[in-house]
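Just below is one structure, and these are the notes that go with it.
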Amino acid sequence: MSFNRYEQLLYDYIDRNDEEKRFWEGRVVEIGRQGGRLEGLVLGLNDQLWDYFEERARFDPVLRDLRFHDGEPKISMLNLSEYLLRMWGRLPKKKARRRSGG
Numbered sequence: 000m001s002f003n004r005y006e007q008l009l010y011d012y013i014d015r016n017d018e019e020k021r022f023w024e025g026r027v028v029e030i031g032r033q034g035g036r037l038e039g040l041v042l043g044l045n046d047q048l049w050d051y052f053e054e055r056a057r058f059d060p061v062l063r064d065l066r067f068h069d070g071e072p073k074i075s076m077l078n079l080s081e082y083l084l085r086m087w088g089r090l091p092k093k094k095a096r097r098r099s100g101g
């Protein structure tokens, strides 16, 4: 899966800040537990990640320079959202064990 540059910068920011990473791991797990279709969960997380990017851009010079240099209104975080949900949000369902008759 490839990220756009906004997604990559945000992922790198989260990955290098332990407290932020713990927060987002917990948040993504919580979202994953809500159930429903992956597409719907991705869309919801997309909005949260963009809001977070804008909030962090006020304080982090790398994010701020990109955000205000490009002047784009809202950038998709869909790939990052899907990636995080697949990595942290959903555990594979356990297969039911078959009892051996005998």
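Start counting the sequence shown at 0; every next residue gets the next number (our numbering).
Ideal placement from N, C-alpha and C gives every residue a C-beta, glycine not left out.
Since the model is a prediction, treat every value here as computed from it, not as a measurement.
For residue i, which of the options has the nearest alpha-carbon?
{"i": "aspartate 46", "options": "Phe58, Asn16, Glu81, Asp17", "result": "Glu81"}
{"i": "leucine 8", "options": "Gln33, Ile74, Glu24", "result": "Ile74"}
{"i": "tyrosine 5", "options": "Gly35, Leu37, Arg36, Leu79", "result": "Leu79"}
{"i": "valine 87", "options": "Leu44, Phe2, Ser1, Val61", "result": "Contrary to the premise, residue 87 reads as tryptophan rather than valine in this sequence. It is Leu44."}
{"i": "proline 60", "options": "Arg36, Gly34, Tyr12, Gly35", "result": "Tyr12"}
Would residue i be called buried (16 or more neighbouring beta carbons within 10 Å of its own) or exposed?
{"i": "glutamate 29", "result": "exposed"}
{"i": "arginine 55", "result": "buried"}
{"i": "valine 41", "result": "buried"}
{"i": "methionine 76", "result": "buried"}
{"i": "glycine 31", "result": "buried"}
{"i": "valine 27", "result": "buried"}
Kindly give me the distance between the Cβ atoms of residue i and residue j, rounded to whole angstroms, as I take these residues to be in contact under 8 Å.
{"i": "tryptophan 23", "j": "leucine 83", "result": "7 Å"}
Practice problem: Run through the stretch 39–92 for me and flag every whole alpha helix (DSSP H) of 4 or more residues, listed as ranges in chain order. | Solution: Every unbroken stretch of the alpha helix (DSSP H) spanning 4 or more residues and falling wholly within the stretch 39–92 is given here in chain order: 60–69, 77–83.
Exercise. Would you check if there are 3 or more beta carbon pairs closer than 8 Å linking the stretch 5–23 to the stretch 44–64?
Key: Under the 8 Å Cβ criterion, the stretch 5–23 counts as touching the stretch 44–64, having at least three qualifying pairs.
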